[in-house]
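Protein chains in written order, with the numbering used here: chain A, 63 to 539; chain B, 786 to 893.
For each residue, glycine too, the CB sits at the ideal point set by N, CA and C.
Notes for the one structure printed next.
Right, here's the structure in full:
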């Protein structure tokens with residue numbers, strides 16, 4: 063092992079947090095008009111390399127759950143920043159463009175911190191930072207989209223309220239268990255520490271946009287700048303869900319405790335609401351990014367049901383569903399950016415009309431993502447939903463299995479709507495031709511399509527990664 | 786009992802009270818400024834609670850700074866909302882957003 067490799071193995075998590083935060087802060091404080099996009103894209107790609115290095119080298123820097131999370135978040139971040147350069151210039155003025163990229167890098171850093179930390183206070187602070195910075199990013203779009211100011215304001219309220227709950231919960235954990243390290247507080251689920259864990263989990267659920275706390279996430283997704291949408295609506299939400307998963311694992315170390323039971327009941331309830339609300343609202347969405355946000359909410363609901371069902375298989379199903387959902391959402395969000403009208407900040411569903419004729423690759427990627435939403439065979443989502451149904455049936459939750467299957471049928475309407483618009487309609491003259499810059503979207507779309515199809519064909523590798531992570535958080539041998 | 790002892794015993798229930806009241810105001814009020822201040826007070830209270838518990842004083846400071854940044858951002862957003870929607874009545878803003886969504890789709 064060479065010295066740089068050893069350094070990454072030991073300090074990988076710190077590098078992933080400090081480097082993008084420092085670059086992002088520098089870009090925000092001293093925005094450079096020309097270099098901003100290049101620096102952000104380069105930082106995203108380098109962080110992807112570091113994350114891959116951390117995953118390949120193992121070492122003490124991260125556990126299997128963190129490794130899996132990094133392998134989902136880092137590609138989304140890198141592909142998002144590559145695409146951002148082509149989009150942001152048309153959404154915000156040049157100086158603000160660098161600020162937006164800087165804030166995006168800081169969101170990425172905070173998300174990395176949230177998924178790699180084993181300290182409850184750092185977890186709460188990191189997730190609060192992702193929400194506050196994400197709200198700032200959304201506010202930058204307010205100049206050209208008046209809905210963005212209201213969405214940013216709502217995000218601020220969520221950041222403050224969830225931050226209050228999460229930090230108070232972290233304080234209760236520290237006060238009750240005498241430590242803030244997750245390993246040290248394992249088994250201290252009774253009394254104040256247990257309440258603290260529950261409050262922190264509630265905060266994670268709000269940050270992840272789990273139904274019924276998902277309205278703000280859809281508002282932000284629909285009005286944040288297209289260029290940084292993958293960071294705000296996928297990276298930040300998935301990081302929060304990973305934090306929730308870690309707390310769930312902590313609660314299950316004493317399976318018979320009141321805390322464990324509360325997590326099971328609460329998780330199943332939130333999961334059921336998420337699957338139902340996300341699926342129904344996705345059908346009625348009039349904005350492509352809002353649709354993607356609701357679809358991700360439904361995927362999170364499905365994952366929560368898997369988690370609540372319990373055991374290694376349930377956790378494995380949950381992690382796989384979230385990874386597949388992130389890949390699907392990436393294609394929908396970046397595809398919406400590629401299809402957006404020439405004028406205007408929104409991405410109405412009608413912007414997808416006839417996209418296949420002008421941008422066949424973009425349309426193909428969105429089509430694959432649409433099939434992924436339904437959980438169609440040969441897509442990664444199929445495997446995830448199958449595992450979730452198995453976990454639910456294993457627990458005897460026939461209602462949950464039926465709900466997941468019903469949600470897949472509901473997703474057929476959503477997918478049909480997308481495919482019909484992409485391939486069987488003509489793009490109206492009012493929307494104008496699809497904007498230039500399709501090459502910048504290629505990495506994100508290609509990555510999403512490759513993950514959705516390749517892991518749908520053969521999911522052995524991600525399943526093994528999910529199994530390792532599930533064993534790590536459940537304490538199973 | 787000294788004032789410091791009293792504070793040490795009282796900070797937990799005080800923080801809990803402020804958090805519940807703050808989130809309650811943030812959830813129930815129609816005035817966006819009150820909602821922002823309620824949520825901000827709740828977050829500041831949790832930061833103060835965290836700071837009072839050793840060894841997390843730095844975390845309390847960080848939480849306070851995050852809360853102040855968020856409140857500042859919220860105030861900026863409020864100014865933009867006033868410009869765009871005319872007032873800070875939550876119900877009207879929701880109606881305005883609905884109009885936006887409808888008109889965006891119709892325009893497209």
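Cβ atoms of residue 831 of chain B and residue 804 of chain B come within 8 Å of each other, at about 6 Å.
Residues of the region 823 to 835 of chain B with a C-beta less than 9 Å from any C-beta of chain A: 823, 824, 825, 826, 827, 828, 829, 830, 831, 832, 834, 835, listed in chain order. The beta carbon of residue 844 of chain B sits closer than 8 Å to some beta carbon of chain A.
Note that the C-beta distance between residue 231 of chain A and residue 838 of chain B is not below 8 Å.
If the five residues before and after residue 179 of chain A are omitted, its C-beta is found closer than 6 Å to the C-beta atoms of 185, all from its own chain and listed in chain order.
For residue 790 of chain B, the three-state secondary structure derived from DSSP is helix. Sorting A:451, A:471, A:534, A:417 by C-alpha distance to the C-alpha of residue 433 of chain A places A:471 at the top. Residue-level contact check: residue 178 of chain A does not touch chain B, since none of the beta carbons of chain B fall below 8 Å from its beta carbon. Under DSSP, residue 410 of chain A takes part in a beta bridge, and its partners are A:349.
Rounded to whole angstroms, the Cβ separation of residue 190 of chain A and residue 142 of chain A is 21 Å, and the two are not in contact under 8 Å.
For residue 816 of chain B, the secondary structure class from DSSP, reduced to helix, strand or coil, is strand. Residue 181 of chain A is bridged by DSSP to A:243. Per DSSP, reduced to three states, the secondary structure at residue 319 of chain A is coil, with no helix or strand assignment.
Rounded to the nearest angstrom, the Cβ distance from residue 534 of chain A to residue 125 of chain A is 5 Å, consistent with a contact under 8 Å.
For residue 511 of chain A, the enclosing alpha helix (DSSP H) stretches over residues 500 to 519. Look at the beta carbons and you see the region 320 to 327 of chain A not touching the region 392 to 405 of chain A: under three pairs across the two are nearer than 8 Å. Each of A:160, A:426, A:201, A:228 was checked against the Cα of residue 93 of chain A, and the nearest Cα belongs to A:160.
For residue 864 of chain B, the uninterrupted alpha helix (DSSP H) segment begins and ends at 842 to 870. A distance below 7 Å between beta-carbons, with the five flanking residues on each side excluded, links residue 495 of chain A to the following residues of its chain, in chain order: 420.
The beta carbon of residue 120 of chain A sits no closer than 8 Å to any beta carbon of chain B. The Cβ of residue 852 of chain B sits closer than 8 Å to at least one Cβ of chain A. Relative to the Cα of residue 274 of chain A, the nearest Cα in the group A:335, A:482, A:490, A:76 belongs to A:335. Going by DSSP, residue 452 of chain A is part of the alpha helix (DSSP H) stretching over 442 to 457.
With respect to the 8 Å criterion, residue 484 of chain A and residue 427 of chain A are not classified as neighbours on the basis of their beta carbons. Taking a Cβ-Cβ cut-off of 8 Å, the neighbours of residue 817 of chain B in chain A comprise 215, given in sequence order.
Annotated as distal: residue 90 of chain A and residue 203 of chain A, with beta-carbon spacing of 8 Å or more. Listed in chain order, the positions of the region 193 to 222 of chain A with a beta carbon within less than 7 Å of a beta carbon of chain B are 194, 197, 198, 201, 204, 208, 209, 211, 212, 214, 215, 218, 219, 221, 222. In this structure, residue 466 of chain A sits near residue 367 of chain A, with a CB-CB distance shorter than 8 Å. Within the same chain, and ignoring the five residues on either side of residue 79 of chain A in sequence, the residues whose Cβ sits closer than 6 Å to its Cβ are 171, 174, 175. For residue 365 of chain A, the closest of A:333, A:523, A:355, A:390 by C-alpha to C-alpha distance is A:333. Pairing residue 218 of chain A with residue 821 of chain B gives a Cβ-Cβ distance under 8 Å.
Under the Cβ criterion of 8 Å, residue 810 of chain B is not counted among the residues facing chain A. Neighbours of residue 791 of chain B in chain A, taken as residues at a C-beta separation under 9 Å, are lacking, since the least C-beta distance is about 17 Å.
Sorting A:512, A:375, A:394 by C-alpha distance to the C-alpha of residue 455 of chain A places A:375 at the top.
Between residue 326 of chain A and residue 372 of chain A the beta-carbon gap is near 7 Å, inside 8 Å, which marks them as a contact.
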